[in-house]
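Residue numbers (this note's numbering): 7 to 680. The next block holds one structure in the form of structure tokens; read it before the comments.
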């Protein structure tokens with residue numbers, strides 16, 4: 007089998023590999039130290055360099071249309087911007103590659119009504135090793151014993167759950183290499199927190215909220231808590247009624263702080279999406295003909311003993327596992343959690359930690375030919391994907407008999423109807439037909455104010471373009487904008503015209519077209535952070551993908567300005583905005599508010615707690631990054647730390663901390679030369 011990314015090349019009609027050139031071993035590069043006291047040099051180390059892969063292939067089809075479809079599919083498969091998994095004959099082993107040059111095709115030869123052509127592509131593997139697709143996972147507490155049956159040491163992800171507040175965490179391998187976070191505490195010193203948690207509002211209830219009132223100019227508050235609700239999944243607050251108005255209008259809710267805070271750190275977590283995808287994947291209902299499962303999209307998630315983030319982890323579940331929710335009181339989800347059983351252990355998994363709702367339905371339509379999935383019912387429209395022969399698809403409807411609308415791998419488009427056959431039932435994964443909604447407008451804002459209602463800061467997510475989906479973030483301190491990412495250029499709005507009637511009764515109508523997505527902040531799932539320490543302010547905005555991985559972040563340098571407000575933080579207001587009578591963005595959710603009080607000073611003779619009870623720490627040794635509760639946590643890595651690989655054979659990882667270890671695990675894909 008030859009598979010590049012999501013495309014099985016062998017399934018393309020008429021495709022064949024003529025020759026593939028890949029070195030048996032990656033090329034090496036060594037270094038030495040020149041000495042004058044002896045002959046020759048002293049060897050000082052070596053490393054493996056990138057590996058080059060060359061492919062020559064052919065395409066032979068019975069007709070020109072099929073030939074063109076396969077050629078388009080090959081070009082589409084290799085049109086990527088990031089390295090993709092490339093499977094070479096072995097279905098369980100892959101190497102990450104990216105094309106180095108364009109795909110080259112020779113002239114097509116037509117003989118006996120058959121079309122034949124040859125082409126080539128050059129790939130480069132910057133990581134020169136092959137990996138086993140199935141990840142291994144080993145669990146423990148203060149010690150994790152693992153077995154690496156690969157031929158090379160391999161990187162890993164180490165997960166640790168702490169039971170109590172802690173000053174340090176150290177992870178070591180059997181060779182003495184160690185990763186140290188924080189500093190060892192002194193028994194003679196008092197232990198204190200760098201910051202004291204004032205509130206951690208997970209927005210699973212409206213109990214702690216009251217009616218808000220503060221908004222900037224050109225906005226009107228039309229309601230409060232009474233017109234907001236906890237969403238169907240039970241993990242966020244949404245607006246149910248925006249009221250009416252000519253400009254931005256909608257409800258506002260308030261979270262009071264007692265007492266006021268001088269120096270603070272505030273984080274607001276939001277979803278903001280005008281295509282419906284986040285809403286669907288996280289909390290959409292399904293009909294009686296479908297079956298629901300939840301797929302683990304993060305590298306791993308924790309199965310908790312209780313429905314609490316700080317609860318004991320009873321099992322670590324790796325990426326790709328499908329979980330069946332157990333209904334509790336007739337509900338599939340409870341406040342953003344599902345109850346499920348995995349490996350004979352029953353517990354709770356939090357959806358926002360890396361679960362995606364997957365719907366399966368019965369399909370009896372298959373492709374009887376390699377088929378092009380296109381954006382419209384015409385061969386001239388954009389190619390979305392190539393569907394292999396014999397693949398089950400979600401059939402939606404037929405267009406004049408010539409084209410059929412289907413969904414394949416989450417993409418909805420059109421295929422030639424003659425390429426579909428009705429057969430026996432099978433179960434496939436599917437997304438509902440999601441309507442792209444560039445014409446939705448929305449405004450989601452969080453204000454921090456003092457006791458007199460003076461604005462200290464504001465977070466804002468906005469889509470103010472009717473014919474485009476172009477979300478962008480803004481952060482203000484006082485009334486000064488300190489962060490805004492609106493660095494995209496919108497094209498001229500396109501439209502079509504139709505005429506009705508004739509003569510004096512002729513009517514011409516203009517129809518504006520939706521123009522697509524622009525900018526990097528669409529389908530927003532992430533958080534804002536603002537911190538004030540004395541006269542120093544810092545801000546950050548972070549966006550995640552469905553696996554919980556950071557895909558976009560902006561963090562300007564620390565800011566000082568004598569005109570910035572100096573009042574104490576008294577309350578938080580959140581405003582959900584609709585513009586006029588335009589359709590509002592369909593997913594605007596407030597997921598969580600975290601407010602920390604920063605300690606004025608930290609004495610030198612104190613131990614500093616950098617972890618809290620229930621924290622989950624993940625150490626990624628490949629990318630040399632550390633995460634705490636899913637967020638990047640790099641400030642406390644000791645400069646002498648070494649992000650080690652896992653040695654071959656049976657070995658152990660040792661974990662030390664001033665907190666008891668609730669649970670730990672290591673997850674990795676074994677490495678091979680070939």
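By construction, the Cβ of each residue, glycine as well, lies at the ideal position given by its N, Cα and C atoms.
Residue 361 is bridged by DSSP to 302.
Secondary structure at residue 424: helix, using DSSP grouped into helix, strand and coil. It is roughly 20 angstroms from the alpha-carbon of residue 672 to the alpha-carbon of residue 640.
For residue 223, the secondary structure class from DSSP, reduced to helix, strand or coil, is coil.
For residue 77, the enclosing alpha helix (DSSP H) covers residues 70-83. Cβ neighbours of residue 51 within its own chain (closer than 8 angstroms, five residues either side excluded): 36 and 37.
Less than 8 angstroms separates the beta-carbon of residue 254 from that of residue 449. In this structure residue 321 is in contact with residue 348, their Cβ atoms being roughly 6 angstroms apart against a cut-off of 8 angstroms.
Residue pairing by DSSP places residue 274 opposite 534 and 599 in a beta bridge. Taking every protein chain shown into account, the CB of residue 373 has 16 or more other CB atoms within 10 angstroms, so this residue is buried. Using a Cβ-Cβ distance cut-off of 8 angstroms, the segment 74-81 and the segment 383-392 are in contact, since at least three pairs of beta carbons, one from each stretch, lie closer than that value. Going by DSSP, residue 67 is part of the beta strand (DSSP E) stretching over 57-67. In the DSSP assignment, residue 260 falls within the unbroken beta strand (DSSP E) covering 254-267. Cβ neighbours of residue 547 within its own chain (closer than 6 angstroms, five residues either side excluded): 479, 534 and 560. When beta bridges are read from the DSSP output, residue 577 appears opposite 262 and 455. No residue range can be given for residue 233, since it is assigned to no beta strand (DSSP E) and is classified by DSSP as neither H nor E. Sequence-distant Cβ neighbours of residue 667 in its own chain, meaning closer than 8 angstroms and more than five residues away, are 147, 148, 166, 167, 168, 169 and 661.
Judged by DSSP in its simplified three-state form, residue 604 adopts strand. Between the alpha carbons of residue 278 and residue 88 lies a gap of roughly 26 angstroms. Put simply, the backbone Cα of residue 25 is about 55 angstroms away from that of residue 481.
When rounded, the separation of the alpha-carbon atoms in residue 335 and residue 529 is 32 angstroms. The segment 230-250 and the segment 578-587 touch, with no fewer than 3 CB-CB distances between them shorter than 8 angstroms.
The residue from 409, 61, 111 and 651 with its alpha-carbon nearest to that of residue 630 is 651. Residue 275 sits close to residue 598, with the two beta carbons spaced by under 8 angstroms. When rounded, the separation of the alpha-carbon atoms in residue 227 and residue 495 is 31 angstroms. Residue 233 places its beta carbon 8 angstroms or farther from that of residue 215. Contact between the segment 311-321 and the segment 375-388 is absent, with fewer than three C-beta pairs closer than 8 angstroms. Under the 10 Å beta carbon count, residue 187 is surrounded by 16 or more other beta carbons and is classified as buried.
At the C-beta level, residue 126 and residue 658 stay beyond 8 angstroms of one another. In the structure shown, residue 389 adopts extended strand secondary structure according to DSSP, grouped into three states. The segment 569-582 and the segment 260-267 touch, with three or more beta-carbon pairs separated by less than 8 angstroms.
Non-local beta-carbon contacts of residue 176 in its own chain, meaning distances under 6 angstroms to residues more than five positions away in sequence, involve 184, 186 and 662 in chain order. By the Cβ test, the segment 130-144 is in contact with the segment 92-106, since at least three Cβ pairs between them sit closer than 8 angstroms. Looking at the DSSP output, residue 466 bridges to 451 and 480.
Rounded to the nearest whole angstrom, the CA to CA distance from residue 109 to residue 538 is 53 angstroms.
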